[in-house]
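Numbering (UniProt numbering), first residue to last: 1 to 1048.
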């Protein structure tokens, strides 16, 4: 016995002793092995020993090896294996090795789920069984009459199928996944493939053996080759594109069948075609142009002889997946990831047409019908057929579930093959001609049968005509034939039905169900149904979908029988009703009119013109009072009287009691006659008018006109919009809806002068601006039973009250006091800056008073999520009150400063700037003064009222310095500033006595700089003076904006 495993050894065991005879290292993981007798060894093995033990093994290297276990020698290794070796050490290549001693054959199972059967005698491949194909990347037809299909999947092997038998042959050679395949009409047996291993291979199909072999391969690209194309008129060259953005042109021989050795492949031209990866390449039918498509959103045209750029096609918004030449015109097709496909002119290089319809990337496209149609595939698994002339999608094919990468068309364009990510390979057949022929034949057959039916009817052969009419599915003609048969007698009709085939009986039952929907044909339908139900009960007739057919028939049958029953009851009651007497009181007359034999109060009155028309209820409303409590409850109370007017012909008594002009009644009449059931839809506690009503008055005219008056006090819901509170205008509805009768039975409408308002109507909080009425319909579905309403369309009328809020209370109790409070807060600007106590008391009291005033108004309103106009006013006034307090704090802080503030100019800009940044102002002042000037100081406030001619030399001279007696000490003179905004004086210098000599290298102080100074107390007073103007002006502007917003 032998054993093998992934420990890379074969072990020969002695079963009786249970010990190993030999351990043979094979340097690969073994997945399968079997023992071979000496007589079954391959014929080409010359070294044979009768006592030898021979074992065949296979593993991760992908080949079958034969070992002689006793000597430990390998006597054969397979050289025609179709299974590639494992890509990584320790991974799988061959998973099973099975031996059949009867046929002296063995089967190799690969990791790609392929089964290859070999003859052990010659080690020849007998058969290949291909398993799971994974994602299909490309497909191509080849061979005479497109006899074979080449398939590229996520595998390094190409699968070659024979279409007639679907036998498969694996084409091995590539070391990584095959990405693209190409064939040529110049040589149908030629196939070129490209792969992720950067190589291209040329394959040739043997016409006799139908086997395909590789005749040449080369590696010239530096990245995976994504597409390949062969010349169409000859096989002199082919083109490849790769992810290295290069386009290469390769030489081929025209006479490939005569090549008895490997074909050398050389690249004649190469160019960097695009800026990004290239997805597709194709060659024109006359071999003069090459087109490429790339992820850089462009397609390019190249001269096929030297790869010179002919033109660039731009217009797609995303990468271009596929490019194809039209077989007849100089037109190019491109498909893109932007869900569109475009047709381009090869000569003009412009877009001719754009097709839209795909919902995902368009991956492939091909021309059909001599360039008149297109077939495209998308990333959503759909194939679409397009008509180029009309730019319309003619058909959508949806058998795939994911991306359709592969698409190929046969030469006769009768079949299309597609494959994609779902591993499905689907062959589509063009059945257009067959469908047209079948439709034409059906029309001819139908014309003959219709003519035959007309002949049978003319010959009065009703039984044969009935069978033919049922076959043609002509319900109207079947109805006429059945009517003619029934005129001859029901017994004859029952016999005719029994002789019909089950299929014809089913058709007759369907016709009867259709007739039963119309009361005019219900009698004949019930006769037919009764005859067929008898056969269904005896199980002579069995049909599919019988239950659903009968369920569709039952409601109409029930309605017909109810109508007949009601008719019989009316006939019976009319015969037993007592007659009217000649003299009756109002009560007696009303009781006789509403007698059960004549009147049914549960049935609505008939229509005015036709009995089936809906009855119209004309309504008027008399408004007595309106009480609003909407501020908190969002509700208002209405006290009104409703008047309903309608015509009930059953209560007409003009001919019965001509002496009586009117019937007046109250609650007693309400229990005798029909009254409309109407309810208030938006009432908090709704009551249905017409039921359990106490305060009502009913009057009936001799012609049957009923007027019903009822008083109503309702609390209604009204959704308020308070954006402009308290200047808001509200629209509150009062909605009436029909309760039990839908639009087909009762319609609510407004009478002439529908609303009458009491002259003494007065509202406290609002005033009634306007009222208007409207009518509409309300629809309820079966899922809305929680509304307490039947399903259907119901009539609805409504009154809308337009209410405007009275503003006097808010103006006098809120707005005017708040304005006065804000104005009072400005009094602090006239108080002395150092008067802290009164200014603080004034500011805090005004804020507290305003908060108390505003809280009274806001507490009376419901809480809403949006901002109201009153809140904007509250916020604005609060800001002004708070700003007055902040102004006091600011000027008080400045007032308590000790250092003077230097100013370049005495105006608003420099005063505020120097006040807010005093240190910066002093640094600027010191920078512009030197020597003696730095030891001098002035106060514009102290000198403002002094004589301008006074000499200040002795006061400004500092004794810490020692100067010669000849130095002229400059004096200071105060001059009034010409700035109208500031009354503070400015400083200039004068000389008390002219010096004998000018001071050398020292200019006067006015010439050295333009600075002056102000005391903090002066600045504080200056700010208070400005606030007396700024605050009122700002508040006036705020009022203008606020009231403009309110009234616009």
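Where a beta carbon is used, it is the ideal one built from N, C-alpha and C, also for glycine.
The alpha carbon of residue 811 has as its nearest neighbour, out of 1043, 421 and 210, the alpha carbon of 1043.
A contact between stretches requires three or more CB pairs, one per stretch, nearer than 8 angstroms, and the region 610 to 630 meets this requirement with the region 744 to 758. The shortest CA-to-CA distance from residue 885 to any of 895, 853, 845 and 875 is the one to 845. Distances from the alpha-carbon of residue 1040 to those of 894, 1021, 873 and 345 put 873 closest. It is roughly 28 angstroms from the alpha-carbon of residue 235 to the alpha-carbon of residue 313. Secondary structure note for residue 125: its beta strand (DSSP E) is the uninterrupted segment 125 to 129. Within the model, the alpha-carbon separation for residue 544 versus residue 451 is close to 31 angstroms. Contact between residue 497 and residue 463 is absent: CB atoms are separated by about 10 angstroms, not below the 8 angstroms threshold. For residue 339, no alpha helix (DSSP H) segment is defined, and its DSSP state is neither H nor E. Exclusion of the five residues before and after residue 525 leaves 512, 515 and 516 as the residues of its chain whose Cβ lies within less than 7 angstroms of its Cβ.
Between residue 60 and residue 18, the CB-CB gap reaches or exceeds 7 angstroms.
Pairwise C-beta distances place the region 723 to 737 out of contact with the region 586 to 603, as fewer than three of them are shorter than 8 angstroms. DSSP assignment within the region 128 to 157 yields the following whole beta strand (DSSP E) runs of 3 residues or more, N-terminal first: 136 to 142 and 148 to 153. Each residue's CA atom was taken as its position, placing residue 424 and residue 383 some 14 angstroms apart. Between the C-alpha atoms of residue 898 and residue 1017 there is a straight-line separation of about 9 angstroms. DSSP places residue 353 in the uninterrupted beta strand (DSSP E) bounded by 351 to 356. Note on geometry: alpha-carbon atoms of residue 604 and residue 358 lie some 57 angstroms from one another. Counting C-beta atoms within 10 angstroms of its own C-beta, residue 240 has 16 or more neighbours from the protein chains shown and is therefore classed as buried. By the criterion of a C-beta distance shorter than 7 angstroms, residue 634 is surrounded in its chain by 717, 718, 719, 720 and 862, once the five residues flanking it on both sides are discounted. Note on geometry: alpha-carbon atoms of residue 590 and residue 675 lie some 14 angstroms from one another. Rounded to the nearest whole angstrom, the C-alpha separation of residue 41 and residue 185 is 46 angstroms.
With distances taken between CA atoms, residue 175 lies nearest to 195 out of 159, 195 and 803. By the Cβ-count criterion, residue 738 is buried, with 16 or more other Cβ atoms from all chains shown falling within 10 Å of its own Cβ. Each residue's CA atom was taken as its position, placing residue 655 and residue 580 some 11 angstroms apart.
Taking each of 244, 883 and 483 in turn and checking the Cα distance to residue 222, the smallest one comes out for 244.
Relative to the Cα of residue 445, the nearest Cα in the group 284, 468 and 232 belongs to 468.
Relative to the Cα of residue 287, the nearest Cα in the group 320, 229 and 342 belongs to 229.
Taking every protein chain shown into account, the CB of residue 493 has 16 or more other CB atoms within 10 angstroms, so this residue is buried. The continuous beta strand (DSSP E) containing residue 238 extends over residues 237 to 242. With a cutoff of 7 angstroms on beta-carbon distance, residue 192 and residue 218 are scored as not near each other. Nearest C-alpha to residue 796 among 1027, 477, 93 and 778: 778. Just measuring C-alpha positions, the residue of 385, 43 and 661 sitting nearest residue 699 is 661.
Where residue 418 is concerned, the enclosing beta strand (DSSP E) starts and stops at 415 to 420.
Measuring C-alpha to C-alpha distances from residue 52 to each of 72, 226 and 155 identifies 72 as the nearest. For residue 824, the closest alpha carbon among the candidates 847, 466, 435 and 836 is that of 847. Cβ neighbours of residue 528 within its own chain (closer than 7 angstroms, five residues either side excluded): 482, 508 and 512.
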